[in-house]
Each structure stands twice: as C-alpha cells, then as structure tokens.
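In this text, residue positions in the sequence shown follow the UniProt record's numbering: the first is 1, and each later residue adds one. We put the CB at the ideal spot given by N, CA and C, even for glycine. This one's a predicted model, so the numbers in the text were calculated from it and none came from an experiment.
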Amino acid sequence: MENKKTSQLENFTIDNEQKAGLTTNQGLKVAEDEFSLKAGLRGPTLMEDFHFREKMTHFDHERIPERVVHARGTGAHGIFQLYESLSQYTRADFLTDTSKTTPVFTRFSTVQGSKGSSDTVRDVRGFAVKFYTDEGNFDLVGNNMPVFFIQDAIKFPDLVHALKPEPHNEIPQGASAHDTFWDFIGQNPESAHMIMWLMSDRAIPRSLRMMEGFGVHTFRLINTLGKAHFVKFHWKPVLGMHSQVWDEAQRTAGKNPDFHRQDLYEAIEKGDYPEWELGLQVIAEEDEFKFDFDILDPTKLWPEEEIPVKIVGKMTLNRNVDNFFAETEQVAFHPGHVVPGIDFSNDPLLQGRLFSYTDTQLSRLGGPNFHQIPINQPVCPFHNNQRDGMHQMTIHHGKTSYHRNGLNNNQPEPVPADQGGYEHYQEKVEGRKIRGRSESFLDFYSQAKLFYNSLAPHERRHLISAFSFELGKCKSDLVKNNAVVLLNHIDRRVAEEVANNINAELPKENLESKSTKKSPALSMVNTIYKPDTKSVAVLLNGQPDTDQLTDWLKVLTEHKLNYSIIAAKIGSLKNNLKITETFDTADPSLFDAALLINNKSAIQPPVLEFIETTFKHCKPLAVALSDHQTLNQSRVSLKTEGVYDLLQTDIMKFIEGIAQDRFWIREQ
Ligand code: HDE
Numbered sequence: 001m002e003n004k005k006t007s008q009l010e011n012f013t014i015d016n017e018q019k020a021g022l023t024t025n026q027g028l029k030v031a032e033d034e035f036s037l038k039a040g041l042r043g044p045t046l047m048e049d050f051h052f053r054e055k056m057t058h059f060d061h062e063r064i065p066e067r068v069v070h071a072r073g074t075g076a077h078g079i080f081q082l083y084e085s086l087s088q089y090t091r092a093d094f095l096t097d098t099s100k101t102t103p104v105f106t107r108f109s110t111v112q113g114s115k116g117s118s119d120t121v122r123d124v125r126g127f128a129v130k131f132y133t134d135e136g137n138f139d140l141v142g143n144n145m146p147v148f149f150i151q152d153a154i155k156f157p158d159l160v161h162a163l164k165p166e167p168h169n170e171i172p173q174g175a176s177a178h179d180t181f182w183d184f185i186g187q188n189p190e191s192a193h194m195i196m197w198l199m200s201d202r203a204i205p206r207s208l209r210m211m212e213g214f215g216v217h218t219f220r221l222i223n224t225l226g227k228a229h230f231v232k233f234h235w236k237p238v239l240g241m242h243s244q245v246w247d248e249a250q251r252t253a254g255k256n257p258d259f260h261r262q263d264l265y266e267a268i269e270k271g272d273y274p275e276w277e278l279g280l281q282v283i284a285e286e287d288e289f290k291f292d293f294d295i296l297d298p299t300k301l302w303p304e305e306e307i308p309v310k311i312v313g314k315m316t317l318n319r320n321v322d323n324f325f326a327e328t329e330q331v332a333f334h335p336g337h338v339v340p341g342i343d344f345s346n347d348p349l350l351q352g353r354l355f356s357y358t359d360t361q362l363s364r365l366g367g368p369n370f371h372q373i374p375i376n377q378p379v380c381p382f383h384n385n386q387r388d389g390m391h392q393m394t395i396h397h398g399k400t401s402y403h404r405n406g407l408n409n410n411q412p413e414p415v416p417a418d419q420g421g422y423e424h425y426q427e428k429v430e431g432r433k434i435r436g437r438s439e440s441f442l443d444f445y446s447q448a449k450l451f452y453n454s455l456a457p458h459e460r461r462h463l464i465s466a467f468s469f470e471l472g473k474c475k476s477d478l479v480k481n482n483a484v485v486l487l488n489h490i491d492r493r494v495a496e497e498v499a500n501n502i503n504a505e506l507p508k509e510n511l512e513s514k515s516t517k518k519s520p521a522l523s524m525v526n527t528i529y530k531p532d533t534k535s536v537a538v539l540l541n542g543q544p545d546t547d548q549l550t551d552w553l554k555v556l557t558e559h560k561l562n563y564s565i566i567a568a569k570i571g572s573l574k575n576n577l578k579i580t581e582t583f584d585t586a587d588p589s590l591f592d593a594a595l596l597i598n599n600k601s602a603i604q605p606p607v608l609e610f611i612e613t614t615f616k617h618c619k620p621l622a623v624a625l626s627d628h629q630t631l632n633q634s635r636v637s638l639k640t641e642g643v644y645d646l647l648q649t650d651i652m653k654f655i656e657g658i659a660q661d662r663f664w665i666r667e668q
C-alpha cells in the first residue's frame, strides 16, 4: 500500500538480512558477539571492550518515558479519501480536492494504564489521526467519546493524578474503580456527562475497528473568502459500533491482554481493512448562541438530530507498522498541528491542549527535533531558521539562520496567505483578564440526562451495573456518597439503584435533571449490523462429520467470518481442516459466537463452560448434536433466542444471529 508517506518512510528502513555483516555503530565489522573481552578465560572483563560497552550502553537506554496518559496504544498506516469538495467551508486542500488521497497514521489508546496494561479495560479510547497533507500535517487528536471530564485545561493534571494508579501504592492498573478517581468526579460535577459515557458500553469496545471517534472540541473551518464556520469532527466505523459485556471484557483482559491490538493487526494483515467515514457537524458563526448549550463547552455534544453529521470522506487503515517503537511509540500528535482552512475555537480545554502536546514530546522524545523522526515528518517540504538542539538530523547549508536576512535573499521567506501561508482567523476578542468560568458552562446535568434518556433498556442496565461495580470498589464512604449525590442530579432512579447496590446514602430530595430530550444516535443499538470479520469458535466434542463441517465453514467464510477449530488436542482432520486451538488456549471471551459439534455422549466440562459463557455473554450459539442428545446438562436452552440447532435450522439463521450481535433478553 504505497503512498507518499510510506515511500518516505522506506528511505529510513533497514533490512538486517540484506546487510553484509554485524558491525558496531561505527561500522567496524565484529568478529565475535557472544563473549566479552576478559583478562583470561575466567578473569574480569576489560574496560577496553568497546563492543561490549557500546552494545550494553545502547541497551541500557532503549526505553523512553511512556506517554503520561494514553501510554497503551497501537497504530496503523492508511489513507483518507474525500467524497466531495468542502470548499464552501474550508480552503484546506485535503478537504477540497477529491482527486487527492491523503496518507494517514492512526493511533488508538487507552488512557489510564501503563504501556503494558490490558486492552479491554473500562476506559476512554484515544483516537488520534495524523493526516500527512500536502500543506503540512493535520492532527485530529480525538477520543471515542464526544465530551470530556473537565471544561478547563488547568484541571487536567488534577484529573489525571486522580485517575492514575494511586501514588502511595501504584494501584489500580488499567482501572478507574478507585477512591481518588471517584473523589475527583464527586468534587467536579462538570464531569457528570462524561462519567455517564465512561460507565456506558462505549468504554468497553469489542474492537478498535468498531468504535466511533470524535474530535471533541469545536474547531473552525475557514474558506477562501475568509468566512468561518464552527465544526465538530466525527469518525463513524463502517462495521458499526459494538461493545463487549463487562464480564467478558474483564475476562479478555486476562486471557489476551493484547486483544484489541491483535484484532487490528490481524484484520489489516488479512486485508480486512478497517474503515471509518469522516463526518462534520457545522454551525454557522452567526448561530453560535442559538443552542441550549455553549458550543465552546467540551462537556457538551451537539445532538446529531439537531445538527446533522455530514459524511465527507473515508479513512482506510491498510498497512501495519514495520517497527512498533519507531512508528507507533515515536509518533507525536498535537491538536495544534493544523493546516490552512482549519483553526481553533476558544474552548478553554482545547486552548490548554495547544500548549501541552509539544511540551510533553520534549521530555518523551528527548528534545525539540522530534519532528525529524521519520513518522513525524510532513510529506511536503519543511524548512525554517530553527537550528541545532538534541538529535539534529539535518545538515543545514549556508550561514544565515535568521529572518530577515539580506545575505541569502531572505530565504526561507514567509508565504503570503493567498499562496498557502497559514493565517489565523481574525476573531474579534475583548474582555477583562479573569480566572473564572462562563455562566453558560454551568448546566452540568441536562446532557448527562439526555445521554441516559437515549439509551436502550439493556444499555441502562449495564450503566447502572458499571456505576455499582466502580463505586463498589471504592473504600471511602465519603467518595461513594458524593458520587450518589452527583447521580441524584442526573437521574433519581439511577441514584436510587446505585445507592442501594453499594449501600450509600441516597439524598432525601430528588434533584434530577428535568431534561426529557433524547438523541437516538447516542444509543449503540442504532448502529450498523453485519457479520463481517467477526469470529466463530468451532468447538469439537468428539469426531465431527468433516464433510458437513466443511460445508458450514464454507458458509462462514462466504460471509466474511473468521473461525478457529477448537478441540481437546491440536491436530488435523480430513478435508485439510486444522484444529488450531485447544480448550486450554481458547476462551469464549475471544470470539463473537460459538458453534458446537457434539458426537460424544457427554459434553466435556471445558466445552460446557465454553458454551455456557458464550450464552451468558448473550452471543449467538449454534449446536449440532448427534441423535437424541440435548443440552440438558448445561444451563443453555435450545429454545432461547440466538441459540440455533443446526440439524433443524439453516446455518444462515446463525449468520443472521452473528450479524445481530447479542441477545440481551438473556440478561433478564
Ligand atoms: Fe490529551 N494528551 N490532553 N486529550 N490526548 C496527551 O500527549 C492533554 C484531551 C488525547 O496516541 C499527551 O503525546 C491535556 C482531550 C489522545 O499519541 C498530553 C488535556 C482529548 C492522546 C495530553 C487533554 C485528548 C493524548 C500525553 C486537557 C480528546 C494520545 C502524550 C486540556 C479530544 C495521542 C502525548 C497519541 C495524549 C494532554 C485532553 C486526546 C500530555 C492537557 C479532550 C488521543 O500532551
């Protein structure tokens, strides 16, 4: 998948196999790499062993600081293709010229955990996209939730200190279910809306390929005439939005901590390229004050039913990285990386981010030249009078490195706006210097309630369970009670149920938000359903009829489903079928559906556990039982929705069930 960026990166790659021999970093060929230089075979190692010193020193410095947040992540290369010109809104060339294919690099992440934490924890997911445009890099550094915890960047260090593992014992890892986080939430009611998202199923996505992305802040688009519009950016997954259930997510975290990164990696390797459509919500400048929320407030979303999302293009991730450290670890995103035609709003959270990202790269990537690291380089030319610094890779010719100069004809010279130079939008601003919050930011609860109102019954149940789980893990009564105080401002029934579950105090007075608004787009029920790229566990209990099995597997493949054949032992079957996993290595939490073929009188305990867990997680289950067998020994009933008897029902029903995803009725 060649594009401008991947060809640029090609210049920096090295292939060990093609090199003549092992050398030091100075190019010296090395005759021996297993033994250090010693004074006698049993004597001490000598200081003059430069090869040992170089190899060890380099190793000693292999690690760089992990990201202070979003440390755990994975990335891939791809392309962005615009559907139609947006010249009425912006002059950005990658958003106006449909003949252009823009290379992108996308990194997904969790927020709380360290680099080695599990993928499927309850958390916000980072969704950061670097567009390598012909006018410079544009970074859309978003999340999979459209709002944020706080309204002002100055609170970010506090939020993160509260969220991260507690400082006295560095517990818990990859989890928000602890006192300091919930203390922060209780003390900062502006987090009410975001906490509803974090306790919803959005926080436990089934796959990185099946979640939405949001730029969160309001940005500005500016067209060639200088006219501005407010805009919010959305990513809509072509496979639809799907989540795990909490028990499944916890189980996956142990069974395969790399579940999400592996899923993304393997999908790309197989050619099942993940796709998202880019959507824009646009508000004319003159309509800034027409809404019942402040469009600068990052704890508010723009309901899609009021401000429709216009789909404008598609991102396809089509190439895995060659080297995780060089690319995914060293990529440096920054919401301040913009191109002509895109500008900021005065959202006080965004304004603070514009400082933080370059600053953090200085310590993470070791100096001010991190833009020269191959993954971070623009694909268009870049030059200016900045010089020197740690890890300078460029040899600048000439003796002028200042503007204005006469000696070099004032090169490099600023470019006028009409020839592509960036010009900030000339917004009129006036006011007193003041530390404070706008009154228009003070409605913390209406949209928290809007979110809750929009959820389906099973989504509401999951949300209440999530609150109960997280607060149930807290130790402080003060923290638990304060969280219920917050919930009491959103929805009385939620507050009641959670208080009851965690044995906290329910405030006497019902202060719930009176909002009755709904936004169907906020429920994951209203998404796209397809079987494509989902995975089926094919369980063998006894010898199967391989011809029948081959036919069924063919149907699965025809519907773009993946499968693994699982039995007591790894091995081969007739028709070239391979048993690739055993009941020891496979787990129901790692599959979207199961198909059991039983030819033994009794279903073995691990097989039984497999189908019962699949059933408990509300997943589709197909069974083919030999004569007169039943599932009586299990809690699974053949009569339940989403359970298919393949000897009575066409396998297509099972495929439809896989597309439908889950059968929530089983939870009741
Ligand atoms: Fe970030 N954030 N953030 N953030 N953020 C970082 O930058 C910060 C916020 C987001 O895959 C850091 O390079 C502040 C909102 C993503 O490399 C750091 C504030 C949103 C990533 C930082 C926020 C994000 C980061 C840590 C409040 C969604 C991972 C490492 C004002 C719109 C990018 C780094 C990647 C990473 C600061 C809030 C998204 C410290 C100060 C809101 C996806 O600079």
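query	result
I believe Gly366 touches His391 by the beta-carbon criterion, under 8 angstroms. Please report the beta-carbon distance rounded to the nearest angstrom.	6 angstroms
Figure out for me which residue from Leu239, Gln668, Tyr89 and Leu159 has the closest Cα to the Cα of His462.	Gln668
Rounded C-beta distance between residue 670 and Ala192? I'm assuming under 8 angstroms.	An answer regarding residue 670 cannot be provided, because it is not within the stretch 1 to 668 covered by the chain.
For Phe12, list the residues DSSP reports as bridge partners.	BP columns for Phe12 are empty, so no partner.
I'd like to confirm the pairing. Which residues does DSSP put opposite Gln281 in its beta bridges?	Lys232
Express the C-alpha separation of Gln377 and Leu221 in angstroms, rounding to a whole number.	24 angstroms
Excluding the 5 residues flanking Gln244 on each side, which residues of the same chain have their C-beta closer than 6 angstroms to its C-beta?	Ile204 and Arg206
Would you kindly work out how many angstroms separate the C-alpha atoms of Val282 and Glu306, rounded to a whole number?	11 angstroms
Would the beta-carbon of Gln447 be found less than 7 angstroms away from any heavy atom of ligand 1?	no
Along the chain, where does the alpha helix (DSSP H) containing Ser356 start, and where does it finish?	Pro348 to Arg364
Could you pull out every residue in the same chain whose Cβ sits closer than 6 angstroms to the Cβ of Glu497, ignoring the five residues on either side in sequence?	Ile464
What would DSSP say about Arg107, mapped onto helix, strand or coil?	strand
Apply the 10 Å Cβ neighbour rule to Met194 and answer buried if 16 or more other Cβ atoms are within range, or exposed otherwise.	buried
With the cut-off set at 8 angstroms, would you say Tyr132 and Lys4 are in Cβ contact?	yes
Which one of Thr102, Phe149, His161 and Phe370 has the shortest CA to CA distance from Ile185?	Phe149
Assuming Asp119 and Phe333 are in contact, meaning their beta carbons sit under 8 angstroms apart, how far apart are those beta carbons, in whole angstroms?	Not confirmed; about 19 angstroms, so no contact.
Between Gly254 and Arg435, what straight-line distance do the alpha-carbon atoms span, to the nearest angstrom?	46 angstroms
Is DSSP giving Thr299 helix, strand or coil here?	coil
Please determine whether the Cβ atom of Gly73 lies at a distance below 7 angstroms from any heavy atom of ligand 1.	yes
Cα-Cα, which of Glu34, Ile611, Thr74 and Tyr452 is closest to Tyr265?	Thr74
Spell out a yes or no on whether the region 343-350 and the region 368-384 are touching, meaning 3 or more CB-CB pairs, one atom from each, closer than 8 angstroms.	no
Let me know if His403 comes out buried or exposed under the rule of 16 or more other beta-carbons within 10 Å of its beta-carbon.	exposed
Could you pull the start and end residues of the beta strand (DSSP E) that Asp139 belongs to?	Gly136 to Asn143
How big is the Cα-Cα spacing for His58 and Ala76?	27 angstroms
Are the region 530-538 and the region 630-644 in contact at 8 angstroms, needing three or more beta carbon pairs?	no
Any idea if Tyr452 is buried or exposed, counting beta-carbon neighbours within 10 angstroms, 16 or more meaning buried?	buried
Determine the direct distance from the alpha carbon of Gly43 to that of Thr24, and round the result to whole angstroms.	24 angstroms
Taking the beta strand (DSSP E) that Asp645 falls in, what are its first and last residues?	Val643 to Asp645
Just to confirm the assignment, what range does the beta strand (DSSP E) spanning His77 have?	Gly73 to Leu82
Is the CB-CB distance between Glu135 and Asp93 below 8 angstroms?	yes
Looking at Pro606 and Lys583, is the spacing between their C-beta atoms short of 8 angstroms?	The displayed chain sequence assigns Phe, not Lys, to residue 583. Yes.
Closer than 8 angstroms is the cut-off here; do at least three beta carbon pairs connect the region 560-571 with the region 496-516?	no
Is DSSP giving Asn385 helix, strand or coil here?	coil
Kindly indicate which three-state DSSP category Phe148 falls into: helix, strand or coil?	coil
By DSSP's criteria, Pro205 is part of a beta bridge. Which residues make up the other side?	Ser243
In angstroms, rounded to a whole number, what distance separates the CA positions of Ala326 and Phe12?	10 angstroms
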